[in-house]
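So the protein lines, in turn, are chains S and F. For the first sequence, the numbering used here begins at 193 and goes up steadily by one. For the second sequence, the numbering used here begins at 22 and goes up steadily by one. All C-beta atoms, glycine included, are put in the ideal place defined by N, C-alpha and C. What you are looking at is a predicted structure, and each value in this text was computed from that prediction instead of being measured. Structure record follows, encoded as structure tokens.
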Amino acid sequence: MSQLLSALVDRFAALEDDLNALDAAAGDGDHGTTVLRGLRAAAAEPDRAAAAFRTAAGGASGSLWAQVLGALLAAEGGEPLAPALARAAARIGQVGGAARGDRTMLDALLPAAEAGGPVEAARAAMDGAEATRAMPARRGRARYVEGAGLGHPDAGARSVAEALAVLAALEPAA
Amino acid sequence: MRKLLNARETLVDDMVWGFVAAWPGLVARGRHPRLVRRAVAKDGAKPRLLIGNGSGHEPIAMGFVGEGMLDGNVVGDVFAAPSPDLILEGLRELDAPGGTLLLISRHEGDVINGMEAVMMAQEEGLSVAPFWMYDDVSSAAPDRMEDRRGAAGTLFCYKILGAAAEEGLPLPDLVSLGEEVRAASRTLGAALGPGVSPLTGRPMFDLPEGEAFVGMGVHGEPGVARRPLTTARDLVGFMVGTLLADRAFRGREAAVIVNGAGGTTMMELLTVFGEAAAALRAHGIEPVAPVIGPLSTTQEMAGVSISLLEVTPEMLRLWRAPQATPLFPQVRG
Numbered sequence: 193m194s195q196l197l198s199a200l201v202d203r204f205a206a207l208e209d210d211l212n213a214l215d216a217a218a219g220d221g222d223h224g225t226t227v228l229r230g231l232r233a234a235a236a237e238p239d240r241a242a243a244a245f246r247t248a249a250g251g252a253s254g255s256l257w258a259q260v261l262g263a264l265l266a267a268e269g270g271e272p273l274a275p276a277l278a279r280a281a282a283r284i285g286q287v288g289g290a291a292r293g294d295r296t297m298l299d300a301l302l303p304a305a306e307a308g309g310p311v312e313a314a315r316a317a318m319d320g321a322e323a324t325r326a327m328p329a330r331r332g333r334a335r336y337v338e339g340a341g342l343g344h345p346d347a348g349a350r351s352v353a354e355a356l357a358v359l360a361a362l363e364p365a366a
Numbered sequence: 022m023r024k025l026l027n028a029r030e031t032l033v034d035d036m037v038w039g040f041v042a043a044w045p046g047l048v049a050r051g052r053h054p055r056l057v058r059r060a061v062a063k064d065g066a067k068p069r070l071l072i073g074n075g076s077g078h079e080p081i082a083m084g085f086v087g088e089g090m091l092d093g094n095v096v097g098d099v100f101a102a103p104s105p106d107l108i109l110e111g112l113r114e115l116d117a118p119g120g121t122l123l124l125i126s127r128h129e130g131d132v133i134n135g136m137e138a139v140m141m142a143q144e145e146g147l148s149v150a151p152f153w154m155y156d157d158v159s160s161a162a163p164d165r166m167e168d169r170r171g172a173a174g175t176l177f178c179y180k181i182l183g184a185a186a187e188e189g190l191p192l193p194d195l196v197s198l199g200e201e202v203r204a205a206s207r208t209l210g211a212a213l214g215p216g217v218s219p220l221t222g223r224p225m226f227d228l229p230e231g232e233a234f235v236g237m238g239v240h241g242e243p244g245v246a247r248r249p250l251t252t253a254r255d256l257v258g259f260m261v262g263t264l265l266a267d268r269a270f271r272g273r274e275a276a277v278i279v280n281g282a283g284g285t286t287m288m289e290l291l292t293v294f295g296e297a298a299a300a301l302r303a304h305g306i307e308p309v310a311p312v313i314g315p316l317s318t319t320q321e322m323a324g325v326s327i328s329l330l331e332v333t334p335e336m337l338r339l340w341r342a343p344q345a346t347p348l349f350p351q352v353r354g
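What follows is the structure in structure tokens.
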């Protein structure tokens, strides 16, 4: 079984409450629970991890996050990370209609896709997630709430950055 | 909770079961139990119409499957968009040479999961096109029309595109017709009280008594104006004025939908229609072919929406065309 999947399950079990709290500032408050549920399903069916994630996580964020998971697993399998992240970001933008600066997971994913290797990507994603603190939501249900979440990082951007950090930590030291 | 259900885990399947048991000559379950389709499929050369949506809003959309309207409906969990994989199942099952139009009412989850399903279907070689529906004037300014939510005015698209597809209008032309209908449709709603979630047994949001929340979304998304609740005439006059300010009607006729949110009585809906008709006539617009009733609901939510379609003769013909669905009213007048 994929080392990455089991490391992601461990890390997101620890992050569940924090991510839920970030999400509660602007949405349903279940982002941490949703991602963890998806990751556990993916770990149980590693041969079809992204589809298992999507079905178990459900909702819009399940579909989008499954694209990120697919890219991370491709990288674990030896594909170059940056183009895999760029493909995931393109599909997420196409499906969700969001762009950089809309306070979504793309604000972590796009800088990561431009950064090169896993360590640089994880750092760029975390910086990107932090920058969402100052962004008003233009997508998602939060956009109907004036100033929703301002002052906190977007939960989806944060979870993507955390996942990249897990991948970076797996890389054997050069 | 004052609701007649069996168990939280089975409530959607129990409902679908009752629906297909009631009208076996009109509708049937698909291979996947959450797909409702016509009992007799239409000629495969004609385009098919599919929509996926969260449940809890019945009769939309399941009730509108049938000859002259939808070919299928993918039924999601309560207030949750169905997954891309489930929508893909529906697209596979309906697949025919005429192609399939996936109708998407513009809500975040429906758009994302619908678009993902369309891409997966296209990767499999299916002939599928998405069509986004949005009409709620309160959810975004006119210069961001494509950010608006789908509301009860999407029924103009369901019905008119359904009738056109039944006549065999090819898929690309169906999309063009849909764009015309969407551009000419406007909806504004007002919430008076929340529905109760069948999952939690609790009201979905809180509203003070004695006020109408104009433009509030069906899940409690904030509205555009609070207005003291006085008379139907006062509220409807304000709503019609707002609708006509959003789109300058050049035509003389508008098709009208007065939709009840689930907990508003037919007595109230008919009163609302009467006031809307008077307000429209005061602006020189004649209301025609109205549809009045609880069509797109959120449990027992109290509220109403008014939808207007500036009709062309062709749109009006298709809006009035006969259909055989379990729960869409026959359009008259």
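Residue i and residue j closer than 8 Å at C-beta
| i | j | result |
| --- | --- | --- |
| ILE133 (chain F) | GLY288 (chain S) | yes |
| ASP98 (chain F) | ARG246 (chain S) | no |
| GLY46 (chain F) | ALA60 (chain F) | yes |
| ALA266 (chain F) | GLU296 (chain F) | no |
| LEU261 (chain S) | ALA242 (chain S) | yes |
| MET297 (chain S) | ALA248 (chain S) | no |
| LEU124 (chain F) | MET154 (chain F) | yes |
| GLY272 (chain F) | GLU335 (chain F) | no |
| ALA317 (chain S) | ARG295 (chain S) | no |
| LEU200 (chain S) | PRO238 (chain S) | no |
| LEU301 (chain S) | ALA281 (chain S) | yes |
| ALA355 (chain S) | LEU264 (chain S) | yes |
| VAL33 (chain F) | VAL96 (chain F) | yes |
Short CB-CB distance (under 8 Å) between residue i and chain S
| i | result |
| --- | --- |
| SER218 (chain F) | no |
| VAL149 (chain F) | no |
| GLY258 (chain F) | no |
| ASP34 (chain F) | no |
| PRO224 (chain F) | no |
| ALA102 (chain F) | yes |
| MET136 (chain F) | yes |
| LEU56 (chain F) | no |
| VAL132 (chain F) | yes |
Continuous beta strand (DSSP E) stretch holding residue i: start and end
| i | result |
| --- | --- |
| GLY214 (chain F) | 206 to 214 |
| GLU97 (chain F) | The sequence given here places Gly at residue 97 (chain F); Glu does not occur at that position. First-last of the beta strand (DSSP E) with GLY97 (chain F): 93 to 99. |
| ARG58 (chain F) | 56 to 59 |
| GLU331 (chain F) | 323 to 331 |
| ALA246 (chain F) | 246 to 249 |
| ALA49 (chain F) | 48 to 50 |
Unbroken alpha helix (DSSP H) run spanning residue i, endpoints
| i | result |
| --- | --- |
| ILE284 (chain S) | 273 to 288 |
| ALA253 (chain F) | 253 to 267 |
| THR247 (chain S) | 241 to 249 |
| VAL41 (chain F) | 32 to 43 |
DSSP three-state assignment for residue i, whether helix, strand or coil
| i | result |
| --- | --- |
| PRO308 (chain F) | strand |
| ASN212 (chain S) | helix |
| TRP153 (chain F) | strand |
| VAL352 (chain S) | helix |
| THR121 (chain F) | strand |
| LEU71 (chain F) | strand |
| ASN280 (chain F) | strand |
| GLY262 (chain S) | helix |
| SER76 (chain F) | strand |
| ALA316 (chain S) | helix |
| GLU313 (chain F) | The sequence shown places Ile at residue 313 (chain F), not Glu. Here ILE313 (chain F) sits in strand by DSSP. |
| VAL227 (chain S) | helix |
| PHE234 (chain F) | strand |
| SER253 (chain S) | helix |
| LEU25 (chain F) | coil |
| ARG341 (chain F) | helix |
| ALA366 (chain S) | For ALA366 (chain S), the predicted model reports a pLDDT of 39, less than 50, meaning its position is unreliable; a value from the coordinates is still stated below. Three-state result, ALA366 (chain S): coil. |
Residue-level contact to chain F via CB, residue i, 8 Å cutoff
| i | result |
| --- | --- |
| SER255 (chain S) | yes |
| VAL172 (chain S) | Nothing can be reported for residue 172 (chain S), as the shown portion of chain S is limited to 193 through 366. |
| GLY269 (chain S) | no |
| GLY262 (chain S) | no |
| VAL287 (chain S) | yes |
| THR226 (chain S) | no |
| THR324 (chain S) | no |
| ARG279 (chain S) | no |
| ALA366 (chain S) | Low local confidence applies: a pLDDT of 39 at ALA366 (chain S) is under 50, so the model's placement there is unreliable, with the coordinate-based value given in what follows. False, the Cβ-Cβ gap to chain F never drops below 8 Å. |
| GLY250 (chain S) | yes |
| THR296 (chain S) | no |
| ALA243 (chain S) | yes |
| ARG240 (chain S) | no |
Under 8 Å, with one C-beta from each stretch per pair, do the stretch 327 to 344 of chain F and the stretch 231 to 239 of chain F reach the 3-pair mark?
no
Is the stretch 179 to 196 of chain F in contact with the stretch 284 to 293 of chain F, if contact means three or more CB pairs nearer than 8 Å?
no
Inter-stretch contact (C-beta, 8 Å, three-pair minimum) for the stretch 301 to 313 of chain F and the stretch 215 to 223 of chain F
no
Counting Cβ pairs, one atom from each stretch, are 3 or more of them under 8 Å apart for the stretch 135 to 149 of chain F and the stretch 202 to 213 of chain F?
no
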